[in-house]
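**Student:** One structure is given below, represented as structure tokens, and several questions about it will come after.
2 protein chains.
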Amino acid sequence: MLILITYDVSTLSSAGQGRLRRVSKICQNYGQRVQNSVFECIVDAAQFAELKIKLNSVIDPTEDSLRFYQLGNNYKNKVEHVGIKQSIDIEGPLIL
Amino acid sequence: MLILITYDVSTLSSAGQGRLRRVSKICQNYGQRVQNSVFECIVDAAQFAELKIKLNSVIDPTEDSLRFYQLGNNYKNKVEHVGIKQSIDIEGPLIL
């Protein structure tokens with residue numbers, strides 16, 4: 001099934017950037033990043049449970065917001081995209 | 097049905113902030129903001145078509161990324177939340 005994960009964290013702090021990087025890394029083992037803080041993961045029920053445990057151990061629940069949406073197995077006609085495909089590479093080197 | 101709208105725009109520019117503000121205003125006529133760039137809207141098929149037309153007229157497709165996810169009518173057990181509920185108020189006054 002397709003799971004959509006949306007993650008809200010202030011990336012103005014380096015700790016927040018680090019958490020977003022770790023969330024992204026975990027999600028990319030199961031799927032892909034489609035926007036800066038939006039990840040689409042293809043998982044079964046066991047992997048979904050595992051993914052939630054991993055993400056919960058990374059985020060700061062007093063600062064971050066994490067949402068999971070279950071799109072089911074027939075998700076292809078439930079998703080539409082407009083505009084650019086590439087999100088800003090906030091994992092790239094930070095030039096100050 | 098529940099439509100999830102995720103919107104990726106660089107809010108570092110004032111033009112980007114303005115577009116996010118306009119996207120938020122349109123979405124809030126149909127639902128609510130749940131994260132900085134994530135909106136949940138309850139619409140029927142006609143309203144969904146109308147909403148897409150409105151949003152497409154606001155965004156810059158060469159800079160922004162807009163995604164629509166259809167969660168259907170039985171969405172209540174398809175959504176899970178972890179962490180803080182309140183997103184950062186990026187619509188508030190900008191103090192420089």
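Each protein sequence line maps, in turn, to chains A and B. Numbering of the first sequence is given in the working numbering, commencing with residue 1 and proceeding in unit increments. Numbering of the second sequence is given in the working numbering, commencing with residue 97 and proceeding in unit increments. All C-beta atoms in this analysis are idealised placements derived from N, C-alpha and C, irrespective of residue type, glycine included. The structure presented is a predicted model; accordingly, all values stated were derived computationally and were not measured.
1. Buried or exposed, going by whether 16 or more other CB atoms sit within 10 Å of the CB of Asp60 of chain A?
2. Spatial neighbours of Cys41 of chain A within its chain, please: C-beta separation below 7 Å, excluding the five flanking residues on both sides.
3. In terms of DSSP beta bridges, what is Arg33 of chain A paired with?
4. Check whether the Cβ atoms of Ser131 of chain B and Arg67 of chain A lie closer than 8 Å to each other.
5. If we ignore side chains and look at the alpha-carbon of each, how far apart do Ser57 of chain A and Ser37 of chain A end up?
6. If you measure from the beta carbon of Pro189 of chain B to each beta carbon in chain A, is any gap under 8 Å?
7. Exposed or buried, Ser13 of chain A, counting other C-beta atoms within 10 Å across all chains shown (16 or more means buried)?
8. Can you list, in chain order, the residues of the stretch 115 to 145 of chain B whose Cβ is nearer than 8 Å to any Cβ on chain A?
9. Does any residue of chain B bring its CB to less than 8 Å from the CB of Ile59 of chain A?
10. Use the C-beta contact count for Asp8 of chain A: other C-beta atoms within 10 angstroms, 16 or more gives buried, fewer gives exposed.
11. Please report the straight-line C-alpha distance between Asp64 of chain A and Lys174 of chain B, rounded to a whole angstrom.
12. Against chain B, does Thr62 of chain A count as a neighbour if the rule is that its beta carbon must be under 8 Å from one of theirs?
13. Does DSSP put Glu80 of chain A in a helix, in a strand, or in coil?
14. Does any C-beta atom of chain A lie closer than 8 Å to the C-beta of Leu162 of chain B?
**Tutor:** Let me spell this out:
1. By 1-based counting over the first sequence, the position of residue 60 of chain A is 60. Exposed: under 16 other Cβ atoms inside 10 Å.
2. Residue 41 of chain A sits at position 41 when you count from the first residue of the first sequence. Here the set comprises Ile3, Ile5, Cys27, Tyr30, Gly31, Leu51.
3. The residue given as residue 33 of chain A occupies position 33 in the first sequence. Note: Arg33 of chain A sits in a beta bridge opposite A:Phe39.
4. As a first step, residue 131 of chain B is located in the second sequence; it is residue number 35 there, counting from the start. As a first step, residue 67 of chain A is located in the first sequence; it is residue number 67 there, counting from the start. A small fix is needed here, since residue 131 of chain B is Gln in this sequence, not Ser. Contact flag set, yes.
5. Sequence index remark: in the first sequence, residue 57 of chain A carries index 57 (1-based). Sequence index remark: in the first sequence, residue 37 of chain A carries index 37 (1-based). The alpha-carbon atoms of Ser57 of chain A and Ser37 of chain A are separated by roughly 17 Å.
6. Position 93 of the second sequence, counting from 1, holds the residue named residue 189 of chain B. With a pLDDT of only 49 at Pro189 of chain B, under the threshold of 50, the placement of this residue in the model should not be trusted, and no figure is reported.
7. The residue given as residue 13 of chain A occupies position 13 in the first sequence. Its Cβ having fewer than 16 others within 10 Å, Ser13 of chain A is exposed.
8. Val130, Gln131, Asn132, Ser133, Val134
9. The residue given as residue 59 of chain A occupies position 59 in the first sequence. Ile59 of chain A counts as touching chain B.
10. Here residue 8 of chain A refers to the residue found at position 8 of the first sequence. Buried.
11. Start at 1 with the first residue of the first sequence, and residue 64 of chain A comes out as number 64. Start at 1 with the first residue of the second sequence, and residue 174 of chain B comes out as number 78. Near 20 Å, if we compare the C-alpha coordinates of Lys174 of chain B and Asp64 of chain A.
12. One-based indexing of the first sequence puts residue 62 of chain A at position 62. Answer yes: the Cβ-Cβ gap between Thr62 of chain A and chain B drops below 8 Å somewhere.
13. Position 80 of the first sequence, counted from the start, is the residue given in the question as residue 80 of chain A. Look at Glu80 of chain A here: in three-state DSSP terms it is strand.
14. Here residue 162 of chain B is taken as the residue at index 66 of the second sequence, counted from 1. Leu162 of chain B counts as touching chain A.
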